[in-house]
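**Student:** Let me give you the structure first, and then I'll get to my questions.
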Amino acid sequence: MTKQIHVGKVPVGGGAPVSIQSMTNTRTDDVQATLKQIRTLAAAGCDIIRVAVPDLAAARAVAKIKEESPLPVVVDIHFDYKLALEAIAAGADKVRINPGNIGGEDRVKAVADACRQRGIPIRIGVNGGSLEKDILAKYGHVCPEAMVESAFGHIRLLNKFDFDDICVSLKSSSVPITMKAYQLMSRESNYPLHIGVTEAGTVRMGTLKSAVGIGGLLALGVGDTMRVSLSADPVEEVYAARDILKAAGIRKDGAELVSCPTCGRTRIDLISLANEVEQRLKTVDKPITVAVMGCVVNGPGEASAADCGIAGGVGEGLLFKKGQIIKKVPQDQLVDELFRLIETL
Ligand code: SF4
Numbered sequence: 001m002t003k004q005i006h007v008g009k010v011p012v013g014g015g016a017p018v019s020i021q022s023m024t025n026t027r028t029d030d031v032q033a034t035l036k037q038i039r040t041l042a043a044a045g046c047d048i049i050r051v052a053v054p055d056l057a058a059a060r061a062v063a064k065i066k067e068e069s070p071l072p073v074v075v076d077i078h079f080d081y082k083l084a085l086e087a088i089a090a091g092a093d094k095v096r097i098n099p100g101n102i103g104g105e106d107r108v109k110a111v112a113d114a115c116r117q118r119g120i121p122i123r124i125g126v127n128g129g130s131l132e133k134d135i136l137a138k139y140g141h142v143c144p145e146a147m148v149e150s151a152f153g154h155i156r157l158l159n160k161f162d163f164d165d166i167c168v169s170l171k172s173s174s175v176p177i178t179m180k181a182y183q184l185m186s187r188e189s190n191y192p193l194h195i196g197v198t199e200a201g202t203v204r205m206g207t208l209k210s211a212v213g214i215g216g217l218l219a220l221g222v223g224d225t226m227r228v229s230l231s232a233d234p235v236e237e238v239y240a241a242r243d244i245l246k247a248a249g250i251r252k253d254g255a256e257l258v259s260c261p262t263c264g265r266t267r268i269d270l271i272s273l274a275n276e277v278e279q280r281l282k283t284v285d286k287p288i289t290v291a292v293m294g295c296v297v298n299g300p301g302e303a304s305a306a307d308c309g310i311a312g313g314v315g316e317g318l319l320f321k322k323g324q325i326i327k328k329v330p331q332d333q334l335v336d337e338l339f340r341l342i343e344t345l
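Quick note on full-length UniProt numbering: the sequence shown kicks off at 1 and runs consecutively.
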């Protein structure tokens, strides 16, 4: 089992539930816009939020963001240790920084000391696209072993200053490299792992790559917190993360839709029906499975494992519960009847 760290009140690792992270894409120094986005992400199910800190104005804005943020705030720092110190003083709950990139051990010590004093962890974020030159020269190309070696280099620097409140990410835009790197790291250390496939792409392909990479790792028991990276509104990242956790059988909150693939027996517009039900289920937080099936002959039986569902026929359909037919319903009332039944469950 990995060791546990705390990001604000959220435990990560050590058997804690896998938490969902996302990152704001507003200007961090626009405090109101950033807070508005954080609230939206929190409402969608995000557990931990990261903000970019590219300059002093952003680092200072962290204090105001922290005053009202419903989520723990991680600051993302590249290269500049002074920005890290400023953001830590402003109340950050975690720092994402690679100590090997900040230019000198006195700077690493300053950041490690500041984090220790405030009791906040550091995430070492190895990215396949920005490995150290010497490591790349040694391996000749980006590979899982090179990424893990990079992570241990950063870890050793922090350990030198007696700092071990660490979590690690090893992201690549290649799913196989990402998966192997995390598996290797989990065999060689017990640091909690922040998992994700980086630069995964737009909503469709990015979600698929993340589902394979993150979902595959979770199925192997690897991963303590996750971010789905999408070129999209960050709220899509949170929806995708929730769905991956649900599909992997890790989180059971919220309703799950099952719907049939349609076939030559289908006589209703099942695709629209399934989309409508899926949309309305977003606000149902009961741990139930709801089926939308394309025919009355096979539908209720095929979906007998679902808690309830509908099956479409010609002009009318069936409402069923655990595979047992409750009643016939005119087609235009099917969805409303289904949601009345869901309310009673
Ligand atoms: Fe075909 Fe009916 Fe099965 Fe849907 S439920 S795939 S319509 S047989």
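All C-beta atoms in this analysis are idealised placements derived from N, C-alpha and C, irrespective of residue type, glycine included.
Taking Cβ positions, are G317 and S304 nearer each other than 8 Å?
**Tutor:** Not a contact, by the Cβ cut-off of 8 Å.
**Student:** In terms of residues, what are the limits of the beta strand (DSSP E) holding G312?
**Tutor:** C308 to G312
**Student:** Restricting to runs no shorter than 4 residues, where is the alpha helix (DSSP H) found entirely within the segment 171-222?
**Tutor:** Within the segment 171-222, complete alpha helix (DSSP H) segments of at least 4 residues are found at 175-188 and 203-219, given in chain order.
**Student:** Please report the residue range of the alpha helix (DSSP H) in which L319 lies.
**Tutor:** Unbroken run through L319 is the beta strand (DSSP E), E316 to K321; no alpha helix (DSSP H).
**Student:** Given the structure, does G309 come close to ligand 1, in the sense that its CB is under 7 Å from one of the ligand's heavy atoms?
**Tutor:** no
**Student:** Based on the DSSP output, what are the partners of R267 in its beta bridges?
**Tutor:** None, per the DSSP bridge assignment.
**Student:** Look at the Cβ atom of I49, then the Cβ atom of V73, and state whether they are nearer than 8 Å.
**Tutor:** yes
**Student:** Can at least three beta-carbon pairs, one atom from the segment 156-166 and one from the segment 194-203, be found at a separation below 8 Å?
**Tutor:** No contact exists between the segment 156-166 and the segment 194-203.
**Student:** Can you check which of these residues, A112, E278 and P300, is closest to V335 by C-alpha distance?
**Tutor:** The candidate whose alpha carbon is nearest that of V335 is E278.
**Student:** Under 7 Å from any heavy atom of ligand 1, does the C-beta of N25 make it?
**Tutor:** no
**Student:** Count Cβ pairs between the segment 113-129 and the segment 87-101 that sit closer than 8 Å; are there 3 or more?
**Tutor:** The segment 113-129 is in contact with the segment 87-101.
**Student:** Quick check on DSSP: helix, strand or coil for V31?
**Tutor:** helix
**Student:** Give me the Cβ distance between A151 and M185, rounded to the nearest whole Å; I'm assuming they're in contact under 8 Å.
**Tutor:** 6 Å
**Student:** Quick check: what's the CA-CA separation for S57 versus T26?
**Tutor:** In the sequence as displayed, the identity of residue 57 is Ala instead of Ser. Going by C-alpha positions, A57 is about 13 Å away from T26.
**Student:** Which stretch, first to last residue, makes up the beta strand (DSSP E) that contains Q333?
**Tutor:** It is not in any beta strand (DSSP E) - Q333 carries neither H nor E in the DSSP assignment.
**Student:** Would you mind reading off the limits of the alpha helix (DSSP H) that contains N159?
**Tutor:** Unbroken alpha helix (DSSP H) run through N159: P144 to K160.
**Student:** Is DSSP giving T40 helix, strand or coil here?
**Tutor:** T40 carries a helical assignment under DSSP once its states are collapsed to helix, strand and coil.
**Student:** Report the residue from D285, Y139, S272 and T28 whose alpha carbon sits nearest the alpha carbon of A43.
**Tutor:** D285
**Student:** Are there 16 or more other CB atoms within 10 angstroms of the CB of V314, so buried, or fewer, so exposed?
**Tutor:** Burial call: exposed.
**Student:** Within 10 Å of its beta-carbon, does N98 have 16 or more other beta-carbons around it, so buried, or fewer, so exposed?
**Tutor:** buried
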